[in-house]
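Trainee: Heads up: take any position in the sequence shown, counting from 1, add 106, and you land on the numbering used here. For every residue, glycine included, the Cβ atom is placed at its ideal position computed from N, Cα and C.
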Amino acid sequence: MDDLRQQRYMTLVEQILCCVRGQEMPVLQRYPDLLDAGLLAVMGQYADRLESQGNGNAGWLRQVAAGLAQALGLGENSSSSTSSRDGAAFLMKIVQLIGQTGRDRGQVYECFRVNVGRLDEALLSALPTVFAGLIQRNNPSIIAAVFNEFGNLIQQFPLGSRILNLEMGIVAYEQALQVYTCDAFPEDWAGTQNNLATAYTNRIRGERADNLEQAIMAYQQALQVYTCDAFPEDWAGTQNNLANAYLYRICGDRANNLEQAIVTYEQALQVRTRDAFPQQWAETQNNLATAYKNRIRGDRADNLEQAITAYEQVLQVRTRDAFPQQWAETQNNLATAYWKRIRGDRAQNLEDAITAYKQVLQVRTRAAFPEDWAMTQNNLANAYSNRIRRERADNLEQAITAYQQALQVYTRVAFPEQWAGTQNNLASAYSNRIRGEQADNLEQAIMAYQQALQVRTRDAFPQQWAETQNNLAFAYWKRIQGDRAQNLEDAITSYQRALEIRTREAFPTECRQTARNLGNLYFEQQAWSEAENAFTSALSAAEVLYQSCLLLDSKAAELANTADLPRLTAYTLARIGKLQTAIEVLEQGRARGLSESLNRDRANLTQLQQTCPELYTEYQDITQQLRNLENRDRDRMVSTDRDRVPEDLTQTMTKLRQKLDQTIAQIRQVPSYEDFLTPTQWKDIAIALRQDNPLVYLVTTPNGSMVLIVTVDVIEVLWLDDLTETQLIDLLNQTWFAAYNQSQTDRQAWYDAIDTTTRQLWDALMGPLVQKLQDLGFERITLIPTGYLSLLPLHATWTEDESKPTGRRYAFDDIHITYAPNAKSLTAAQTIAVGEASLLENRIQPNSILAIDNPTQDLPNSEREVNAAIASFPQHTVLRQTEATVEAVQLQLPKAAIVHFSCHGTANLNEPLNSGLVMTDGLLTLKDIFALNLAETGGIRLTILSACETGLIGTENADETISLPTGLLQAGVAAVIASLWSVSDLSTMLLLTRFYDFWRIEGLEIDQALHQAQQWVRDTTNREKADYFKTFLPATAGVKAPAAIAQDLFRSLILKRPNERDFAHPFHWAAFSYTGV
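1) Measuring CB to CB, does F1104 end up less than 8 Å from A1119?
2) Using CA atoms only, rank isn't needed, just tell me which of A579, I586, Y652 and R1124 is closest to V625.
3) Where does N1016 fall in DSSP's three states?
4) R378 and T390 - do their beta-carbons sit closer together than 8 Å?
5) Strictly by DSSP, which residues pair up with Y444?
6) Within its chain, find whatever has a CB closer than 6 Å to the CB of S643; leave out the 5 residues flanking it on each side and keep chain order.
7) Does the contact criterion of 3 or more C-beta pairs under 8 Å hold for the segment 814 to 831 versus the segment 792 to 805?
8) Could you say which of V984, I1083, P911 and E1062 lies nearest to A1170 if we only look at CA atoms?
9) Where does the unbroken alpha helix (DSSP H) through L665 begin, and where does it stop?
10) State whether the segment 1077 to 1088 contacts the segment 964 to 984, with contact taken as three or more CB pairs (one from each stretch) at a distance under 8 Å.
11) For S69, which of helix, strand or coil comes out of DSSP?
12) Distance check for T678 and L871, CA to CA, integer angstroms please.
13) N221: which of L233, A172 and F237 sits nearest, CA to CA?
14) Taking the alpha carbon of Q202 as the reference point, which residue from F237, S537, S1021 and D546 has its own alpha carbon closest?
15) Answer yes or no: do L897 and T863 have a C-beta to C-beta separation smaller than 8 Å?
16) Output the residue ranges of the alpha helix (DSSP H) runs that lie fully inside the segment 1014 to 1051 and measure 4 residues or longer, sorted by chain position.
17) Just to confirm, is the Cβ distance from I689 to Y803 under 8 Å?
18) Taking Cβ positions, are Y582 and N593 nearer each other than 8 Å?
19) Cα-Cα, which of E908, A902, N928 and A929 is closest to D920?
20) Any chance the segment 497 to 507 sits against the segment 466 to 479, with 3 or more Cβ pairs inside 8 Å?
21) From the DSSP output, in three-state form, read off T642 for me.
22) Among the residues of its own chain, which have a CB less than 8 Å from the CB of Q560, if the five just before and after it don't count?
23) Thinking C-alpha only, which one of R309, L1048 and R738 is nearest I938?
24) Hey, would you say I1050 sits closer than 8 Å to H1117, going by beta carbons?
25) Exposed or buried, which one is K789 when buried takes at least 16 other CB atoms within 10 Å?
26) What is the DSSP secondary structure of H982, reduced to helix, strand or coil?
27) Enumerate in chain order the residues of its own chain whose CB-to-CB distance from R603 is below 7 Å, with the five nearest sequence positions on each side excluded.
28) Locate the alpha helix (DSSP H) running through P246, then write down its first and last residues.
29) Measuring alpha carbon to alpha carbon, tell me which of R740, L900 and A572 ends up nearest W868.
30) Nearest-angstrom Cα distance between L230 and R518?
31) Using 8 Å as the threshold, is the C-beta distance between L656 and M759 below it?
32) Could you say which of A597, L645 and T599 lies nearest to C617 if we only look at CA atoms?
33) Measure the Cβ-Cβ separation of G193 and A153 and say whether it is below 8 Å.
34) Could you check what DSSP says for W904 in three-state terms: helix, strand or coil?
35) Could you please give me the residues that DSSP links to H1006 through a beta bridge?
36) For Q877, verify whether its CB is less than 7 Å away from any heavy atom of the ligand HEM.
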């Protein structure tokens, strides 16, 4: 049947349904060329769909079809086709034909085709009566075999009423089972039970949930006979079918059903091997992949990778040439897995999905496979709706076009469930549409959602109903027309309805989405208590998802999806006065990977070792194995095959995680360890607090910003409503990043961007904070910026001040500022810095240093900088140029107290594990640093990263602060000096040479020494800098650096501009910051 003719059939049936009763024949007569068996088939399919949704027009349409069949001569004795007598006579003819032809379907199907109008309720009603009569006059087992075969034939017949065909199949099987008892005919009984179950799986009449339960019960009965030993092939086929029923089961827990499906598919594959049964193996493997694609439990990213791998394996058997239909099915499924994929580049995944869907449509044409064509068009539209590459407006238009094409086949009458799903998707595209009037787009979206909900009812399709309720809520929230207050009420109601189904336990991903949406709505309306409840639900669901992750990149993906939830929740909690809880939430959502590693690997287990030595040893053994596995996982994440996870890695990780959970539970039974490795609580944060050095959390949200100043005695809050997240993002994108990306070719534009950004942030953020801190009497703070604020040199924000040498006053002129990822990292750093005996006294003054000097041999000032660094250390090890290999550095690091890297650095913002320091033979990467366990040998007091971009964090999830400094803190370093951008070689050398002078010669604290050195570079004139190096202190008299530096400065600067401050701009000094203690 060609594409155009199929469409014309559909159009004609729609006209019949819309016409006045009694006028259907005149309508039909206007299209004489369409009056044939094909039209009858389409009318039967429409009638099926109408009946499935309880529409009374189904019976009337069948009557019209029967009348048409009689008029066309396509039925025998059509005028009495509804009578039981004719039904019985026609059934007898079919029975005789099946008995004569055996399993030759061709003749039977031809009989069905020419008598399609007689495949009706009368035939269905005749089945029990005819069967009862036949078994009295004939061998019952032969009649049972014929009825079983009739059931197989009729339920697979493509014409007529799909609903009635399945009903006849079910009744026929039930008749056969009166003879085929388990005792008398065990094999035939099992085969018929399997067939009956398949018919119930596909049944349209009745409740879908009940039908699937009937199917499961029948499959399980079949398996009582079809054992693996006695009937391995039949057993495997029935296991596959049973798994299908579990895959789509509605009753019971959805997660449990999917787990049962996976186990059952895997059992089937024990027999259905690729070598022995390649086609059946491909079928089950395809189904197993679909179960993994939809799986709720386990690592979501890993589940999708398993699905992709399985689909790709299937396609090795289901090739396009040999099995085009099956190839298209699996290719479509593979495309959907790529669309949902978490690992890999999101933009490329969507491109791969689009390409695969387009390939599928070369086989699934509208003419040949209209229903499959419509499904793939809908899927392709989904991919376009989410597409990242190319113009967003164009992508949405393509999505809308594809949805509309799908709806030409997916009509409400013919395919109500699919029609509703596509209507929902089309509505979402309109809701996000860029072109056209936004108000009109939203009205179209709302109308389409409401239409979808007429089919997607809560009783029939609870999961889909909740999805559409969530989407409808968003459209009402953003609606322009209508009463604003009523729109918001409607939005809230729909979100709340969706959450009745989308619970944390059943659908954690969807729960997080809807609860977050509801929280955002309340947040926008400043309904703080309601927002807190919604955000708390969203965080609870996010925790379920996070805890299900095994691998590091899966955890990172879940944290990225959770994104701003902790910040929004903390802001909301602070608004209602729950300040301690707000800080707990911020800490739990800030640098979580770092905190978990520190908690796990540096837990104080001294008492446990004494009281429960075996438990202590078991814990240490498990955590060491986990560290080894994590290092292996990081190796995988930076490899070219990063998206393929070795099966043994996930299996071993799963077992170790289970063992660790059991061991932790045992440790919590030991007195004083009741809270061992529980989420961060206020008492954990309080350990990091110092009397004169508050922790200051900075939070930016769509409603404004918040500062929490946490002291030993009190928590102060500062509200900054004028700095919103949107304003910050605009500042970053339009000013900061735009200039940074061109900083190597347009240095002045980068200078200007630094000035503009830091000046604006003074007014909006740091100026009010500095004033507040001065009012409170504080002179120093530890800053914990969250979100995108983590990317900026907040200590270098400024305002005009003519009393200063540069005409500017910077934030760190008034308040001494250091940084930390979170409070937990400070506590760990303090332990390294001052030893286990005391966190306040006995400060260690290390006297040995490891220096890495110019591994790439292209930094002219590196040797001078390193010589200045080692000058005041009696013990020093220097790896110069070619000596500085990755392996040599790794061997020396555990022996060092102070480490100074003078080299190139590189920041990979998209893949931060590949950020690193350039050695002579390659990168010492963040991955390598994570593998170090420096804390085991006492840790390193300070690491100076005199290299470019060493302080930059990954941008995918700024709150996770994945960077070289956090990696070093995790490895066992107490403090890190690092840079946010590529800095001049000369200015860096000046800064760090003076830093060592302030620290080692003048005796300042390390962080104070950096502070003073930055001010010195900024404020002194060119002549003052040269004079300093000429009169360098006697302690460094044997070092050649001072005289050489002075000579260079004299030549390049002083002769030309002796009284200028050529290093005053923050570009030269503000990139460096101090992280840790």
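Mentor: Taking the geometry as given:
1) For the purposes of this step, residue 1104 is taken as residue 998 along the sequence shown, with counting starting at 1. For the purposes of this step, residue 1119 is taken as residue 1013 along the sequence shown, with counting starting at 1. Yes, they are a contact pair.
2) Looking up residue 625 in the sequence shown gives position 519. Rather than Val, the amino acid found at residue 625 in this sequence is Gly. Ranking the options by Cα distance to G625, first place goes to A579.
3) The residue labelled residue 1016 in the question sits at position 910 within the sequence shown. Reduced to three states, the DSSP call for N1016 is coil.
4) Within the sequence shown, the letter at position 284 stands for residue 390. Within the sequence shown, the letter at position 272 stands for residue 378. In this structure, R378 lies closer than 8 Å to T390 by Cβ.
5) Stepping through the sequence shown from its first residue, residue 444 is reached at position 338. Y444 pairs with nothing; no bridge assigned.
6) As a first step, residue 643 must be located in the sequence shown, where it is residue number 537. These residues qualify, in order along the chain: A621.
7) yes
8) Stepping through the sequence shown from its first residue, residue 1170 is reached at position 1064. Among V984, I1083, P911 and E1062, the Cα nearest to that of A1170 belongs to P911.
9) Counting from 1 along the sequence shown, the entry for residue 665 is found at position 559. L665 -> alpha helix (DSSP H) spans L658 to T668.
10) no
11) Look at the range of the chain in this structure, 107 to 1183, and you will see that residue 69 is not part of it.
12) The sequence position of residue 871 within the sequence shown is 765, counting from 1. The sequence position of residue 678 within the sequence shown is 572, counting from 1. Going by the C-alpha atoms only, they are around 19 Å apart.
13) Along the sequence shown, one-based indexing puts residue 221 at 115. Comparing Cα positions, the closest option is A172.
14) On the sequence shown, residue 202 is found 96 positions in, with the first residue counted as 1. Ranking F237, S537, S1021 and D546 by Cα distance to Q202 puts F237 first.
15) Along the sequence shown, one-based indexing puts residue 897 at 791. Along the sequence shown, one-based indexing puts residue 863 at 757. Against a cut-off of 8 Å, the Cβ pair of T863 and L897 comes out as no contact.
16) 1032 to 1037
17) By 1-based counting over the sequence shown, the position of residue 689 is 583. By 1-based counting over the sequence shown, the position of residue 803 is 697. Yes. Within cutoff.
18) Residue numbering aside, residue 582 sits at position 476 when the sequence shown is read from its first letter. Residue numbering aside, residue 593 sits at position 487 when the sequence shown is read from its first letter. Their beta carbons are under 8 Å apart, which means Y582 touches N593 by this criterion.
19) Residue numbering aside, residue 920 sits at position 814 when the sequence shown is read from its first letter. Closest option to D920, Cα to Cα, is A902.
20) no
21) Numbered from 1 along the sequence shown, position 536 holds the residue referred to as residue 642. Of the three classes helix, strand and coil, the one that applies to T642 here is helix, per DSSP.
22) Position 454 of the sequence shown, counted from the start, is the residue given in the question as residue 560. Here the set comprises A526.
23) Start at 1 with the first residue of the sequence shown, and residue 938 comes out as number 832. Taking only the C-alpha atoms, the option nearest I938 is L1048.
24) Position 944 of the sequence shown, counted from the start, is the residue given in the question as residue 1050. Position 1011 of the sequence shown, counted from the start, is the residue given in the question as residue 1117. No; because the gap between Cβ atoms is not below 8 Å, this pair is not in contact.
25) Walking along the sequence shown from the start, residue 789 turns up at place 683. Exposed is the call here.
26) For the purposes of this step, residue 982 is taken as the residue at position 876 of the sequence shown. Reduced to three states, the DSSP call for H982 is strand.
27) If you number the sequence shown from 1, residue 603 lands on position 497. So the qualifying residues of the chain are Q575.
28) In the sequence shown, the residue the question calls residue 246 occupies position 140. Its alpha helix (DSSP H) spans residues P246 to Q262.
29) Working through the sequence shown from its first residue, we reach residue 868 at position 762. Residue L900 is the option with its Cα nearest to W868.
30) Along the sequence shown, one-based indexing puts residue 230 at 124. Along the sequence shown, one-based indexing puts residue 518 at 412. Near 27 Å, if we compare the C-alpha coordinates of R518 and L230.
31) Within the sequence shown, the letter at position 550 stands for residue 656. Within the sequence shown, the letter at position 653 stands for residue 759. Cβ atoms of L656 and M759: closer than 8 Å.
32) For the purposes of this step, residue 617 is identified with residue 511 of the sequence shown, where counting begins at 1. Comparing Cα positions, the closest option is L645.
33) Reading the sequence shown from its first residue, position 87 is the one you call residue 193. Reading the sequence shown from its first residue, position 47 is the one you call residue 153. No, they are not a contact pair.
34) Here residue 904 refers to the residue found at position 798 when the sequence shown is read from its first residue. Strand at W904.
35) Along the sequence shown, one-based indexing puts residue 1006 at 900. According to DSSP, H1006 bridges with A957 and I1050.
36) Judged by which ligands are present, the structure shown has none, so any question about the ligand HEM falls away.
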